[in-house]
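Q: After the C-alpha cells below, expect a handful of questions from me.
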Amino acid sequence: MTTMLITGGAGFIGSNFVRYVLENRPDASIINLDALTYSGNLENLAGLDEDPRFASRYEFVKGDIADRDLLAPLLDRTDIVIHMAAESHVDRSILDSAPFVRTNVLGTQALLDAARHSHAGKGVARFVHVSTDEVYGSLPLDRPDLKFTEDTPIQPNSPYAASKAASDLLVRAAFHTFHMPVLTTRCSNNFGPYQFPEKVIPLFVTNLIEGRKVPLYGDGKNVRDWLHVLDHCEAILTVAEKGRVGEVYNIGGDNERSNLDLTRAILDIMGKGHDMIQPVEDRKGHDRRYAIDASKIERELGWRPTRSAWPDALEQTVRWYMANAEWWRHVKSGAYREFYKQQYSGRERVGA
Ligand code: NAD
Ligand code: DAU
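Numbering-wise, the sequence shown is residues 1 to 352 according to this note's numbering.
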C-alpha cells in the first residue's frame with residue numbers, strides 16, 4: 001500500500017483528486033491534510049468516509065501546512081506528497097497578499113522541510129508540487145504562436161502568482177541543494193464540479209440561476225486555456241508515478257477561449273440572453289492571455305487531455321452546477337457573503 005499525503009484535499013482540485021485516486025488506485029491510501037479555509041469544503045467529499053470501497057484507505061486531518069509539529073508525524077507515514085494546498089484566487093490576493101505569502105510560501109517551505117526530515121532523515125519517496133501557468137506571466141493577444149513552455153522565464157504579475165512562483169523556487173532549490181525527489185506541475189485554468197463560486201465559471205452559472213447578471217472584467221478579450229479538472233488529476237498522478245525528479249511539467253487543455261466567448265457559451269447553454277453580461281471595471285494587472293505548451297508531458301509521459309473538449313465538457317460542467325444547487329447555495333451563504341459585500345461594494349459578485 002502506498003500512502004499519499006494530499007494537502008488541500010478539501011478544495012476544488014484536491015477533492016476531485018482524492019476521489020480520482022481512490023477510484024483508480026486500489027493500492028493507494030490517502031491522508032487529506034486541509035486547514036478548511038473559506039475554500040475548503042468537506043461537502044466536496046461527502047459520502048467518502050462511509051463508502052466501503054474507500055473508508056479504510058481514506059483519512060482526513062484538519063490542519064495547517066505551516067504547522068511543523070503537526071507535519072512531522074504525518075510525513076513519517078507518507079510515501080508520496082501531492083501538495084495542492086494554497087490560497088488560490090487572484091482577486092483576493094489583490095485585496096490582501098498576506099495569507100498568500102503565509103500559506104503558499106511559508107507553508108510550502110514547512111512542508112518541504114518536514115518531507116526532507118521524515119523517515120529518520122531519508123525523506124519521502126516523491127514530492128509533487130502543484131503550481132500554475134500564472135508564474136510565467138502574460139502572453140500578448142496578437143502572438144497566437146507563443147505559448148508557455150517549461151523554459152519560459154518566471155514573470156509573475158499578481159501577488160497570487162508571485163507567491164506561487166516563490167514556492168516553485170523553493171521546490172527547485174530543494175532538488176538542487178538537498179537532492180529531494182521533487183516534481184513541479186504548472187497547469188492552466190481548471191473547470192469542473194466543486195469549484196468555489198468565486199472563480200469565473202461557477203460564479204457566472206450560479207449568478208444566472210439566481211437571476212443575476214454576470215460581471216465581465218474589462219473588454220472581455222482576456223484568454224484562458226481551459227482544462228477539465230479530471231484531466232488535471234490524471235496528469236498529476238501520471239507525473240507522480242512516472243515523472244523525472246527535478247523536472248517541471250506543463251499541463252494544459254489546448255483549449256484557449258476569450259472570456260467573452262466563454263461567457264456567451266455559458267449564456268447559450270443556459271438559454272439566457274447576452275444582455276445578462278454586465279461589463280465591470282477590469283481586474284488590476286489583469287493578465288491578457290495564458291496558453292500552455294504541454295508537449296513535454298505528452299512526449300515523456302504519454303499524457304494528453306481527453307475530457308476538456310468544448311462544447312460538451314463546458315455544457316456538462318454547467319449542467320452539474322444546475323443539478324447541484326444545494327451544494328453551491330450552501331457555499332454562497334453566510335460569512336462569505338459579508339466578506340464580498342464589504343470588499344466589492346458596487347460590483348455584482350457572489351452574494352452581492
Ligand atoms: P481551492 O482554493 O479550491 O482549494 C485550496 C485548498 O487548500 C482548500 O481546501 C483550503 O482549505 C486548503 N488550504 C488553504 N490554506 C491551507 C493551509 N495553510 N493549510 C492547509 N490547507 C490549506 O484551490 P484549487 O483551485 O483547488 O487549487 C489547488 C491548487 O492548484 C493550488 O495550489 C493552485 O495554486 C493550483 N492551481 C489551480 C488552478 C485552477 O484553475 N483552479 C490551476 C492551476 C493550478
Ligand atoms: O491559470 C491558472 C489559474 O487559474 C490558477 O492558478 C488560479 O488558482 C485560478 O483561480 C485561475 O486564475 P484566473 O484568475 O485565471 O481565474 P478566474 O476564474 O478568477 O478568472 C478567469 C478569467 O475570468 C480572468 O481573465 C478574469 C475573468 N473574470 C473573473 C471573475 C471572477 C471576470 O471577467 N469576471 C469575474 O467575476
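Glycine residues also receive a C-beta, built at the ideal position from the N, C-alpha and C atoms. Remember, predicted model here, so these are calculated numbers, not experimental data.
If you drop the 5 nearest sequence neighbours on each side, which residues of the same chain put their C-beta closer than 8 Å to that of residue 213?
A: Residue numbering aside, residue 213 sits at position 213 when the sequence shown is read from its first letter. So the list reads 207, 276, 277, 278, 348, once near-sequence residues are dropped.
Q: Indicate the three-state DSSP secondary structure (helix, strand or coil) for residue 163 in the structure shown.
A: Indexing the sequence shown from 1 puts residue 163 at position 163. Residue 163: helix per DSSP, three-state reduction.
Q: Could you say which of 302, 314, 318, 296 lies nearest to residue 147 if we only look at CA atoms?
A: In the sequence shown, the residue the question calls residue 147 occupies position 147. Considering only alpha carbons, the answer is 296.
Q: Is residue 317 a contact residue of the ligand NAD, with contact defined as CB to any heavy atom under 6 Å?
A: Counted from its first residue, the sequence shown places residue 317 at position 317. Checking every heavy atom of the ligand NAD against the Cβ of residue 317, none is found closer than 6 Å.
Q: Check whether the Cβ atoms of residue 167 and residue 90 lie closer than 7 Å to each other.
A: The residue labelled residue 167 in the question sits at position 167 within the sequence shown. The residue labelled residue 90 in the question sits at position 90 within the sequence shown. Going by C-beta atoms, residue 167 is not nearer than 7 Å to residue 90.
Q: Quick one, are the C-beta atoms of residue 313 and residue 232 less than 7 Å apart?
A: Residue mapping note: residue 313 aligns to position 313 of the sequence shown, counting from 1. Residue mapping note: residue 232 aligns to position 232 of the sequence shown, counting from 1. Not a contact, by the Cβ cut-off of 7 Å.
Q: On the premise that residue 248 lies in contact with residue 163, defined as a C-beta separation below 8 Å, what is that separation, rounded to the nearest angstrom?
A: Here residue 163 refers to the residue found at position 163 when the sequence shown is read from its first residue. Here residue 248 refers to the residue found at position 248 when the sequence shown is read from its first residue. Not quite, the Cβ-Cβ distance comes to about 17 Å (not below 8 Å), so this is no contact.
Q: Helix, strand or coil for residue 48 per DSSP?
A: For the purposes of this step, residue 48 is taken as the residue at position 48 of the sequence shown. In the structure shown, residue 48 sits in coil (DSSP, three-state: anything other than H, G, I, E or B).
Q: Along the chain, where does the beta strand (DSSP E) containing residue 369 start, and where does it finish?
A: Absent from the model: residue 369. The displayed extent of the chain is 1 to 352, so no value can be given.
Q: If I measure Cβ to Cβ from residue 54 and keep anything under 6 Å in the same chain, skipping five residues before and after, which residues do I get?
A: Sequence index remark: in the sequence shown, residue 54 carries index 54 (1-based). Counting only Cβ-Cβ distances below 6 Å, and skipping sequence neighbours, we find 22, 48.
Q: Are three or more beta carbon pairs between the region 254-268 and the region 120-134 nearer than 8 Å?
A: The answer is no - the region 120-134 does not touch the region 254-268, with fewer than three Cβ pairs under 8 Å.
Q: Mind checking which residues open and close the beta strand (DSSP E) that includes residue 109?
A: Within the sequence shown, the letter at position 109 stands for residue 109. From DSSP, residue 109 is part of no beta strand (DSSP E) but of the alpha helix (DSSP H) over 108-117.
Q: At a cut-off of 6 Å, is residue 217 close to the ligand DAU when judged by its beta-carbon and the heavy atoms of the ligand?
A: On the sequence shown, residue 217 is found 217 positions in, with the first residue counted as 1. At least one heavy atom of the ligand DAU is nearer than 6 Å to the Cβ of residue 217, so yes.
Q: For the beta strand (DSSP E) containing residue 83, name the first residue and the last one.
A: As a position in the sequence shown, residue 83 is number 83, starting the count at 1. Run containing residue 83: 80-83, per the beta strand (DSSP E) assignment.
Q: Any heavy atom of the ligand NAD within a distance shorter than 6 Å of the CB on residue 208?
A: Sequence index remark: in the sequence shown, residue 208 carries index 208 (1-based). No, Cβ of residue 208 sits at least 6 Å from all heavy atoms of the ligand NAD.
Q: Report the start-end ranges of each beta strand (DSSP E) in the region 235-295 that is 3 residues or longer and not cut off at the edges.
A: The region 235-295 contains these whole beta strand (DSSP E) runs: 248-251, 256-258, 277-280.
Q: Are there any heavy atoms of the ligand MN lying less than 6 Å away from the beta-carbon of residue 88, as far as the coordinates show?
A: For the structure depicted, the ligand MN is absent and the ligand set comprises only the ligand NAD and the ligand DAU.
Q: In this structure, does DSSP put residue 321 in helix, strand or coil?
A: Numbered from 1 along the sequence shown, position 321 holds the residue referred to as residue 321. If DSSP states are grouped into helix, strand and coil, residue 321 belongs with the helices.
Q: Buried or exposed, going by whether 16 or more other CB atoms sit within 10 Å of the CB of residue 195?
A: Residue numbering aside, residue 195 sits at position 195 when the sequence shown is read from its first letter. With 16 or more other Cβ atoms within 10 Å, it is buried.
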